[in-house]
Amino acid sequence: MSVVAVCGASGGIGAALCRAFTAAGWTVAAGARRVDRLEALVTDGAAAVAHALDVTDPAGVDAFFSVVEEKAGPVDCVIANAGVAVPGALADASDADVRRVIDTNLYGSLTVVRRAIPGMRDRCHGDVVFVSSDSVEKPYPQMLTYGATKAAVEYVASGLRLELAGTGVRVTVARLGPTLTEFGTDWDPAAVGPLMRAWKRHGVIPDHAVIQPADAADAVVAAVSLTPGIEARVVSLGPVPAVVDATEAASGKQSKDG
Ligand SMILES: NC(=O)c1ccc[n+]([C@@H]2O[C@H](COP(=O)([O-])OP(=O)(O)OC[C@H]3O[C@@H](n4cnc5c(N)ncnc54)[C@H](OP(=O)(O)O)[C@@H]3O)[C@@H](O)[C@H]2O)c1
1 MSVVAVCGAS GGIGAALCRA FTAAGWTVAA GARRVDRLEA LVTDGAAAVA HALDVTDPAG
61 VDAFFSVVEE KAGPVDCVIA NAGVAVPGAL ADASDADVRR VIDTNLYGSL TVVRRAIPGM
121 RDRCHGDVVF VSSDSVEKPY PQMLTYGATK AAVEYVASGL RLELAGTGVR VTVARLGPTL
181 TEFGTDWDPA AVGPLMRAWK RHGVIPDHAV IQPADAADAV VAAVSLTPGI EARVVSLGPV
241 PAVVDATEAA SGKQSKDG
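Using the working numbering, read the sequence shown as starting at 1 and increasing by one per residue.
Structure below.
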């Protein structure tokens with residue numbers, strides 16, 4: 001059975017990835033800081049291995065993969081999914097917040113894939129998946145450090161594909177639009193108002209439609225399940241805007257609320 005290591009598996013898209021990969025017959029290893037949630041995934045049958053993982057701690061990342069290899073076997077697919085954002089204008093951001101977002105989303109992603117790739121390269125097959133965001137396509141004001149980390153991760157993915165050419169290891173970016181998870185639920189409420197106003201003003205999210213985590217997870221499973229001769233380089237997913245009035249939609253008019 002193929003083994004997938006989901007890094008950042010305790011909620012949202014990561015937990016959905018665990019469920020989708022398990023349903024597809026993979027052996028799932030789940031890592032995150034909230035171990036109680038990982039253990040619940042094991043209890044529910046959505047993961048085979050659960051182990052503490054803080055992607056900002058390289059020794060901890062190494063320990064996580066060692067446990068996974070010992071309990072489940074060599075890792076065939078690694079998913080760099082752990083991510084955080086702190087809302088607020090860049091000029092007003094604290095140094096600690098900027099560093100935390102970069103440490104988790106960029107440094108953490110590079111750390112988990114650097115740990116997983118050598119084994120894949122030796123075995124001449126494997127999948128590296130980075131979970132990115134549609135913020136790489138358009139700036140999300142009040143979340144610029146976050147967008148910068150995702151753009152950097154996508155740059156790395158493009159270059160990594162060149163470095164790994166001829167090794168049998170594939171690299172996929174899962175670039176997601178707004179997805180219904182706990183992302184942002186821990187944000188300071190005082191920062192959310194200005195962020196929403198900025199997004200509305202600049203038309204960042206013109207529609208309230210969202211992706212369901214299970215649907216995003218199914219797309220990732222489908223991408224890494226492609227025949228080994230081809231790779232899904234960027235899986236770019238966005239929600240289809242809700243149809244409020246079929247006649248108006250067909251004529252291209254805006255709804256009264258739109
Ligand atoms: N929701 C969206 O609209 C959206 C859109 C595009 C892309 N994304 C990306 O999707 C990914 C998952 O986000 P989500 O929406 O599912 O949010 P979420 O529900 O907040 O989940 C975030 C996950 O990241 C983990 N994580 C955070 N810091 C970590 C660390 N230092 N070490 C290990 N794990 C860590 C969390 O686990 P612990 O806290 O237990 O460690 C949790 O499992 C992120 O990379 C995010 O940028 C989300």
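Here a beta-carbon is modelled for each residue, glycine too, at the ideal position from N, C-alpha and C.
Through-space distance from G108 to V75, alpha-carbon basis | 18 Å
Flag this pair as yes or no: are the beta carbons of P239 and P139 separated by less than 8 Å?
-> no
Under the three-state DSSP convention, the category G12 falls into | helix
Who are V128's beta bridge partners in DSSP?
-> V78 and V171
For my contact list, A5 and G31 are in at a C-beta cut-off of 8 Å; report their separation, rounded to the angstrom.
-> 7 Å
Between the stretch 136-150 and the stretch 97-104, are three or more C-beta pairs nearer than 8 Å?
-> yes
Exercise answer, beta-carbon shell around ligand 1 heavy atoms below 6 Å | In chain order, the qualifying residues are G8, A9, S10, G11, G12, I13, G14, A32, R33, R34, L53, D54, V55, T56, N81, A82, G83, V84, T104, G108, V131, S133, L176, P178, T179, T181, E182 and F183.
Determine the direct distance from the alpha carbon of D207 to that of P87, and round the result to whole angstroms.
-> Pairing P87 with D207, the inter-Cα distance amounts to about 20 Å.
Between the Cα of A209 and the Cα atoms of D186, A198, L180 and D218, which residue gives the shortest distance?
-> A209 has its Cα closest to that of L180, out of D186, A198, L180 and D218.
Is the stretch 149-156 touching the stretch 183-201, taking contact as three or more C-beta pairs under 8 Å?
-> no
On the premise that A47 lies in contact with A29, defined as a C-beta separation below 8 Å, what is that separation, rounded to the nearest angstrom?
-> 7 Å
Determine the direct distance from the alpha carbon of G193 to that of C7, and round the result to whole angstroms.
-> 31 Å
According to the Cβ coordinates, are V35 and A72 closer than 8 Å?
-> No. Outside cutoff.
Please look up how many angstroms separate the CB atoms of A20 and A232, rounded, as I've assumed it's under 8 Å.
-> So it is not a contact: roughly 15 Å between Cβ atoms.
Using three-state DSSP, classify S225 as helix, strand or coil.
-> Coil, per DSSP.
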